[in-house]
Amino acid sequence: MKEQTVKQFNRLPRGPMIIATTLLVFFISCFNIVRVNQPSSAMIGEEITVTIDVGITDDAGSTLIFGFCAPRSWRAFDYTQVSFVSSIGNSTMSLIDPNEVDPENKQPWAQQIIERVGFGGNYGEMEWVVFKADNSFTPPSTTSEDDPVTGTITIKTKVGPSNIITQLGYFLGEADWGYLDDNSNSTFFFEKTCLEVQGASGQPQDLCGPSPRKLIGLETYDFNDLLIITFDAKEDTTMLIGANKVYLCSTAIHSSGSTQRCEKTPNTEMKKK
Amino acid sequence: MVLLVGSITWYSCEEQQIEIPDGALKEHTVDLAGTWKVKRVLLNNVDITSVFNFDQISLTLMMDQAPTDFTIETGTAPFPVRTAGKWQYNDLAYPTSMQFEAQSEKYSVSFAAPPISGDTSFKISFSLGCRDNLYTYYFEKE
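Sequences listed follow chains W and Y, in order.
Using our numbering, you'd call the opening residue of the first sequence number 1 and step up by one each time.
Using our numbering, you'd call the opening residue of the second sequence number 274 and step up by one each time.
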């Protein structure tokens, strides 16, 4: 399959290079994600259904690996069911043993997907949950780009209890050969439209937006520690860029309400670094 | 055989006669008496001296052969102890920590480097709240 692709690539004139590169990504993958049907919003605690139409263009491998990238707060390990129907057989999928390593790199699947695929447009707070087909089916030897095995993967998952905006991701691979280093037998897809979970009080946590500013450098602290709050106007597009003096306006929330200190005095003036 | 071993031991003892000068083995208490100001502060090995007014801290250590009393002014700056009391070393000659006792409470801080008797600086390390956060104060004699 690879040889054929390279020949096609060499024959192409220089003009349509960008198109050819795009096609190459599709050609060298044994899996094509044809279509993802995913809701764009959900209510807290709701079960959503996602379907993924897939084409398999190679007969190597028989046991499907599926990865689902979801917010950690959803606890997708506990609340997700995956199954597929295809032109060569149907199966449920089960959570892969976290200690199971792929035959190629001898590392757990989730760890490798995190390293090689990442979390898409989410700034963090995500995890990859990996499933393995309960039944194996070998595609016929005639399987090719022109005669692919087709199928649909169905994911049912319960969204979490808080307002969140997140980009969901999907990974396909196969367990017999493992996660090949050239990615030739795997593929992944992040749904462009971020899904918004609504229904709880308060602002949503927007994982698709910029990561929150880290105000305090310490990982852990308590009331006795000296907390140093840092602010760099250049990290954002605020009116404070170029300001000579910046004052801290703070609100402390406690059991009997809140206390605000929002004054322009030397006590609240932030020191320049 | 027993006789032979006995004679060898006796012989070697005879040869190792070493004259020790008077007072050579006497251990001296590390002298840190005086008033000390904080000149440099690290928090988890990051220099934070310039982001807070640590000049507010003034520590006076008193000694009479051994540690006796101390006084402390902290202002709003963090320090493990905030009122005067007694202090002591864990070891008079080779201390690795010093202990402050004030209002029936004991606070132990470690020397970040072995203190040198009569020197003009010493440094201590301690945690205030979370154990994860280590403060190192460099004191200089006023």
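Ideal Cβ positions, reconstructed from N, Cα and C, are used throughout, including at glycine.
Since this is a predicted model, take the numbers as computed values, not measurements.
Give the straight-line distance between the Cα atoms of residue 105 of chain W and residue 197 of chain W, rounded to the nearest whole angstrom. For the purposes of this step, residue 105 of chain W is identified with residue 105 of the first sequence, where counting begins at 1. For the purposes of this step, residue 197 of chain W is identified with residue 197 of the first sequence, where counting begins at 1. Here the C-alpha atom of residue 105 of chain W lies approximately 36 Å from the C-alpha atom of residue 197 of chain W.
On a CA-only basis, which of W:211, W:226, W:203 and W:33 is nearest residue 66 of chain W? Give me that one, please. As a position in the first sequence, residue 66 of chain W is number 66, starting the count at 1. Nearest of W:211, W:226, W:203 and W:33 to residue 66 of chain W, Cα basis: W:33.
Any heavy atom of the ligand MN closer than 7 Å to the beta-carbon of residue 261 of chain W? With respect to the ligand MN, the structure offers nothing, as it holds no ligand at all.
Best match in Y:402, Y:381 and Y:389 for proximity to residue 218 of chain W [C-alpha to C-alpha]: In the first sequence, the residue the question calls residue 218 of chain W occupies position 218. Selected option, being the one with the closest Cα: Y:402.
Say whether the region 378-398 of chain Y touches the region 287-303 of chain Y, bearing in mind that this needs 3 or more beta-carbon pairs closer than 8 Å, one atom from each stretch. At 8 Å Cβ cutoff, the stretches touch.
Would you report the Cα separation of residue 28 of chain W and residue 186 of chain W, rounded to the nearest angstrom? Residue mapping note: residue 28 of chain W aligns to position 28 of the first sequence, counting from 1. Residue mapping note: residue 186 of chain W aligns to position 186 of the first sequence, counting from 1. With a pLDDT of only 44 at residue 28 of chain W, under the threshold of 50, the placement of this residue in the model should not be trusted; the figure read from the coordinates follows. Distance from the CA of residue 28 of chain W to the CA of residue 186 of chain W, rounded to the nearest whole angstrom, comes to 9 Å.
Does residue 234 of chain W get closer than 8 Å to chain Y when you measure Cβ to Cβ? As a first step, residue 234 of chain W must be located in the first sequence, where it is residue number 234. So no, residue 234 of chain W is outside the interface.
Counting along the chain, where does the beta strand (DSSP E) carrying residue 35 of chain W start and finish? In the first sequence, residue 35 of chain W corresponds to position 35, counting from 1. Following the DSSP letters along the chain, one finds residue 35 of chain W inside the beta strand (DSSP E) bounded by residues 31-37.
Do residue 408 of chain Y and residue 400 of chain Y have their beta-carbon atoms positioned less than 8 Å apart in this structure? The residue given as residue 400 of chain Y occupies position 127 in the second sequence. The residue given as residue 408 of chain Y occupies position 135 in the second sequence. Their beta carbons are under 8 Å apart, which means residue 400 of chain Y touches residue 408 of chain Y by this criterion.
If we cut at 8 Å on Cβ distances, does residue 123 of chain W have a partner in chain Y? For this step, residue 123 of chain W is matched to residue 123 along the first sequence. Closer than 8 Å: no.
Since residue 406 of chain Y meets chain W, which of its residues come closer than 7 Å, beta carbon to beta carbon? Position 133 of the second sequence, counting from 1, holds the residue named residue 406 of chain Y. What residue 406 of chain Y touches in chain W: 218, 221 and 225.
Is it right to say residue 364 of chain Y is buried, meaning 16 or more other beta carbons lie within 10 angstroms of its own, or is it exposed? Residue 364 of chain Y sits at position 91 when you count from the first residue of the second sequence. The residue in question, residue 364 of chain Y, is exposed, as its Cβ has fewer than 16 Cβ neighbours within 10 Å.
Check whether the Cβ atoms of residue 37 of chain W and residue 91 of chain W sit closer than 8 Å, and answer yes or no. Residue 37 of chain W sits at position 37 when you count from the first residue of the first sequence. Residue 91 of chain W sits at position 91 when you count from the first residue of the first sequence. Not a contact, by the Cβ cut-off of 8 Å.
Counting pairs of Cβ atoms below 8 Å between the region 80-100 of chain W and the region 116-125 of chain W, do you hit three or more? As far as the Cβ criterion goes, the region 80-100 of chain W does not touch the region 116-125 of chain W, which means the pair count is below three.
What are the boundary residues of the alpha helix (DSSP H) that includes residue 111 of chain W? Here residue 111 of chain W is taken as the residue at index 111 of the first sequence, counted from 1. For residue 111 of chain W, the uninterrupted alpha helix (DSSP H) segment begins and ends at 109-116.
DSSP state of residue 123 of chain W mapped onto helix, strand, coil: Working through the first sequence from its first residue, we reach residue 123 of chain W at position 123. Residue 123 of chain W: coil per DSSP, three-state reduction.
Below 8 Å on C-beta distance, what does residue 402 of chain Y contact in chain W? Sequence index remark: in the second sequence, residue 402 of chain Y carries index 129 (1-based). Neighbours of residue 402 of chain Y on chain W, chain order: 221, 222, 223, 224 and 225.
Near-chain Y residues of the region 58-85 of chain W (beta-carbon distance less than 9 Å), N- to C-terminal order: Contacts with chain Y (Cβ-Cβ distance below 9 Å) from the region 58-85 of chain W involve no residue at all.
Any beta carbon from chain Y within less than 8 Å of residue 228 of chain W's own beta carbon? Translated into the one-based positions of the first sequence, residue 228 of chain W becomes position 228. At least one CB atom of chain Y sits nearer than 8 Å to the CB of residue 228 of chain W.
Residues from the region 308-324 of chain Y in contact with chain W, defined by Cβ distance under 8 Å: Answer in chain order: 316, 317, 319, 321, 323 and 324.
In chain W, which residues lie less than 9 Å from residue 351 of chain Y when you measure between Cβ atoms? Translated into the one-based positions of the second sequence, residue 351 of chain Y becomes position 78. Result: 224, 225 and 226.
What residues of chain Y sit near residue 271 of chain W, judged by a beta carbon separation below 7 Å? Taking the first residue of the first sequence as 1, we reach residue 271 of chain W at position 271. Going along chain Y in sequence order, the residues near residue 271 of chain W (Cβ under 7 Å) are 324.
Using alpha carbons as the reference points, say which of W:263, W:39 and W:129 lies closest to residue 74 of chain W. In the first sequence, counting from the first residue as 1, residue 74 of chain W sits at position 74. Nearest option by C-alpha distance: W:129.
Determine the direct distance from the alpha carbon of residue 163 of chain W to that of residue 203 of chain W, and round the result to whole angstroms. As a position in the first sequence, residue 203 of chain W is number 203, starting the count at 1. As a position in the first sequence, residue 163 of chain W is number 163, starting the count at 1. C-alpha separation (whole angstroms): 7 Å.
Using alpha carbons as the reference points, say which of Y:338, Y:342 and Y:291 lies closest to residue 332 of chain Y. Taking the second sequence and counting its residues from 1, the one referred to as residue 332 of chain Y is at position 59. With distances taken between Cα atoms, residue 332 of chain Y lies closest to Y:342.
Taking Cβ to Cβ, would you say residue 78 of chain W is nearer than 8 Å to residue 139 of chain W? Translated into positions along the first sequence, residue 78 of chain W becomes position 78. Translated into positions along the first sequence, residue 139 of chain W becomes position 139. Contact check for residue 78 of chain W against residue 139 of chain W fails: the beta carbons are separated by 8 Å or more.
DSSP-derived helix/strand/coil call for residue 79 of chain W: Indexing the first sequence from 1 puts residue 79 of chain W at position 79. When secondary structure is reduced to three states using DSSP, residue 79 of chain W falls in the helix class.
Tell me whether the beta-carbon of residue 375 of chain Y lies closer than 8 Å to the beta-carbon of residue 356 of chain Y. The residue given as residue 375 of chain Y occupies position 102 in the second sequence. The residue given as residue 356 of chain Y occupies position 83 in the second sequence. Annotated as proximal: residue 375 of chain Y and residue 356 of chain Y, with beta-carbon spacing under 8 Å.
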